[in-house]
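Asks: For the sequence shown, the positions run 3 to 361 when the working numbering is used.
Here a beta-carbon is modelled for each residue, glycine too, at the ideal position from N, C-alpha and C.
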Amino acid sequence: MRDRLTKWRLFSVFAALTLVLSGCGEPFLSALVPGGEVAQKQFDLMVLSTIIMVSVILVVFVIFIIAIFRFRRKKGDENKIPKQVEGSHLLEIIWTVIPIILLLVLAVPTVKATFDFADVTDMEKKNEKGEREALVVNVRANLYWWEFEYPDHKVITGQDLVVPTDQKVYFNLKASDVKHSFWIPAAGGKMDTNVDNVNQFWLEFDNEKASDAQNLFYGKCAELCGPSHALMDFKVKAIPQDEFNQWMDDMKTAKEETPTDATAAKGQEVFKENCLSCHAVTPQDARPEQARLAPNLATFGERSRVAGILEHNEEELKNWIRDPEKYKPGNKMTGTYGELSEDELDQLAAYLMSLKVQD
């Protein structure tokens with residue numbers, strides 16, 4: 003008996019800890035730490051719905067306790083039949099009207115927010131020069147990586163999305179192979195990426211919240227898409243407008259350069275022989291979409307992760323190149339090139355780490 007009580011006590015402690023810890027979150031990843039307008043509105047709706055649900059539970063629980071104690075069978079009344087109440091118009095009206103009111107309280111702001119989030123009319127507004135005023139990003143999801151295209155600037159990045167803070171960023175979402183889902187928990191979302199149609203929505207990144215997250219948010223695929231679904235991550239660099247403008251100017255003018263380091267220079271030749279058919283190393287990738295089979299590597303040396311999941315260093319990079327299947331089962335890079343020697347791996351890693359647009 004004591005063992006059972008001990009187990010139940012431990013279970014209660016762990017259950018309480020789970021409940022408490024479920025409310026914890028990091029500013030770069032958690033939907034409970036909103037980092038923008040959309041995320042904040044969604045968080046407010048979650049709080050509102052939680053308040054309504056808890057209030058209903060508490061009211062029902064109180065009524066239940068009152069009914070148990072007030073109408074319990076008392077000693078000496080075993081054969082007494084209580085007064086039979088067949089109906090009450092007042093009670094029927096109350097328990098019909100109150101749920102309707104609660105439903106409206108929840109439904110009205112939810113419907114309004116849904117339509118606000120789906121409003122992308124400003125996406126196509128143009129200025130006097132005929133240029134689009136809004137920032138638009140074409141997102142293409144692949145097994146298991148992400149491509150981000152800035153169509154008005156003719157710039158493409160892989161795995162790292164760069165956006166300005168304190169303004170709306172509009173997204174065109176699609177997939178190249180199977181259904182995926184684009185989700186940046188701290189900024190809002192999620193929305194599916196499909197093969198046969200384009201979904202559109204917008205997000206906004208708060209500058210102060212981005213600063214709290216060191217200007218780096220995490221994004222994920224939120225639709226089960228294959229064996230490496232859980233590893234399909236990307237990073238979002240949210241920076242002030244002037245820094246974003248400078249970054250975009252650097253991306254527009256970036257050119258492929260021959261490395262000055264001898265090892266990296268040899269690695270460039272290894273790259274051209276083995277990797278260039280799938281990867282690009284300049285942000286201005288003019289190839290058609292169907293020819294862009296792998297992430298753009300123009301800013302590989304500036305990334306925070308290798309393949310979105312590994313520490314960003316040469317050793318982990320070589321591990322990834324040796325056996326990508328080990329780290330992301332089912333990825334399309336597996337088996338697409340011949341065996342590389344250790345010297346060639348060192349050279350290739352040195353070259354890839356040298357690929358930077360901004361020092």
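(1) Can you check which of these residues, PHE13, GLU39, ALA115, LEU31, is closest to ASP208 by C-alpha distance?
(2) Measure the alpha-carbon distance for PRO285 versus SER14 and round it to whole angstroms.
(3) For TYR152, name the three-state secondary structure that DSSP assigns.
(4) Just to confirm the assignment: which complete alpha helix (DSSP H) runs, minimum length 4, are found wholly within the segment 59-126?
(5) Quick one: Cα of GLU133 to Cα of TYR152, how far?
(6) Tell whether a beta-carbon distance below 7 Å holds between LYS176 and ARG142.
(7) Measuring CA to CA, which of VAL138, THR167, ALA69 is closest to GLU126?
(8) If we ignore side chains and look at the alpha-carbon of each, how far apart do ALA115 and MET48 end up?
(9) On a Cα-Cα basis, can you pick out the residue from GLU206, ILE102, TRP97 that is closest to PRO404?
(10) Give the C-beta separation of ALA267 and LEU319 to the nearest angstrom, bearing in mind that I take them to be a contact with Cβ-Cβ under 8 Å.
(11) If I follow the unbroken beta strand (DSSP E) through GLU206, where does it start and stop?
(12) My understanding is that PRO405 touches GLY332, with C-beta atoms under 8 Å, so please give their C-beta distance in whole angstroms.
(13) Within 10 angstroms of the Cβ of ASP79, are there 16 or more other Cβ atoms? Answer buried if so, exposed if not.
(14) Are the Cβ atoms of LEU347 and PHE302 separated by less than 7 Å?
(15) Check whether the Cβ atoms of LYS192 and ALA224 sit closer than 7 Å, and answer yes or no.
(16) Pick from THR195, VAL200, MET335: whose alpha carbon is nearest that of ARG294?
(17) Out of ASN276, MET234, GLN202, point me to the one whose CA is closest to GLN161's CA.
(18) Between LYS239 and VAL164, how many whole angstroms is the CB-CB distance? I'm expecting something under 8 Å.
(19) Could you name the residues of the same chain whose beta carbon sits closer than 7 Å to that of GLY37, not counting the 5 residues immediately before and after it, in chain order?
(20) Can you give the Cα-Cα distance for VAL272 and LYS254, rounded to whole angstroms?
(21) Could you tell me whether the Cβ of LEU93 comes closer than 7 Å to any Cβ of chain D?
(22) Counting only the same chain and skipping the five closest in sequence on each side, list residues whose C-beta sits under 7 Å from that of ALA120.
(23) Using 8 Å for Cβ pairs, my map puts VAL359 next to GLU316. What's the rounded Cβ distance?
(24) Which parts of the segment 260-292 are runs of the alpha helix (DSSP H), unbroken and 4 residues or longer, counting only runs that do not cross its ends?
(25) Please go through the segment 162-244 and give each complete alpha helix (DSSP H) segment of 4 or more residues, from N-terminal end onward.
Replies: Short version:
(1) GLU39
(2) 54 Å
(3) strand
(4) 91-120
(5) 13 Å
(6) yes
(7) VAL138
(8) 12 Å
(9) The shown model of the chain, from 3 to 361, leaves out residue 404, and the question about it has no answer.
(10) Going by Cβ atoms, the distance from ALA267 to LEU319 rounds to 17 Å, so no, they are not a contact pair.
(11) 201-206
(12) Since the first residue shown for the chain is 3 and the last is 361, residue 405 is missing from the structure and cannot be characterised.
(13) exposed
(14) no
(15) yes
(16) MET335
(17) MET234
(18) 5 Å
(19) PRO29, ALA188, ALA189, PHE207, ASP208, LYS211, ALA212, ALA215, PHE219
(20) 26 Å
(21) This model lacks chain D altogether; it includes just one protein chain.
(22) PHE203
(23) The pair is not a contact, with the Cβ atoms about 19 Å apart (cut-off 8 Å).
(24) 264-276
(25) 209-214
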